[in-house]
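Comments concern the structure below.
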Amino acid sequence: RDDEHPQRVQFGPSRMFSLVTTSGAANGAARVFDAGDGPVAGLVRFEWDALAWFEEDEPIYEHPRNPYARVDALRSHRHVTVAL
């Protein structure tokens, strides 16, 4: 946890957390909304600019694609099987 005191933002009280991986740490990368009765209580919001985002092996610079709207073929190092 990055702070000991909750912050009050648009959707209710929240606390900032760091994300730690084998390649380093991203301070203040996750905002966790306090449990309560708000619409986002208990959810986590990730700060976009604090992280590197990928869809499979492709870096993305905007919001992720909606998997329910269409299906795209992306480059991947994993073996992928599609069955209909």
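Every letter in the sequence shown is one number past the one before it in our numbering, and letter 28, counting from 1, is 197.
Heads up, the beta-carbon is just placed ideally off N, CA and C, and yes, glycines get one too.
(1) Rounding to the nearest angstrom, what Cα-Cα distance links residue 182 and residue 203 in this structure?
(2) Going by Cα to Cα distance, which pick from 237, 219 and 226 is closest to residue 245?
(3) Going by beta carbon distance, what residues of the same chain come within less than 7 angstroms of residue 218, once the five residues before and after it are set aside?
(4) Roughly how many angstroms lie between the CA atoms of residue 200 and residue 184, to the nearest whole one?
(5) Less than 8 angstroms separating the beta-carbons of residue 231 and residue 243?
(6) For residue 180 and residue 187, what's the separation of their Cα atoms in angstroms?
According to the structure shown:
(1) 6 angstroms
(2) 226
(3) none
(4) 6 angstroms
(5) no
(6) 20 angstroms
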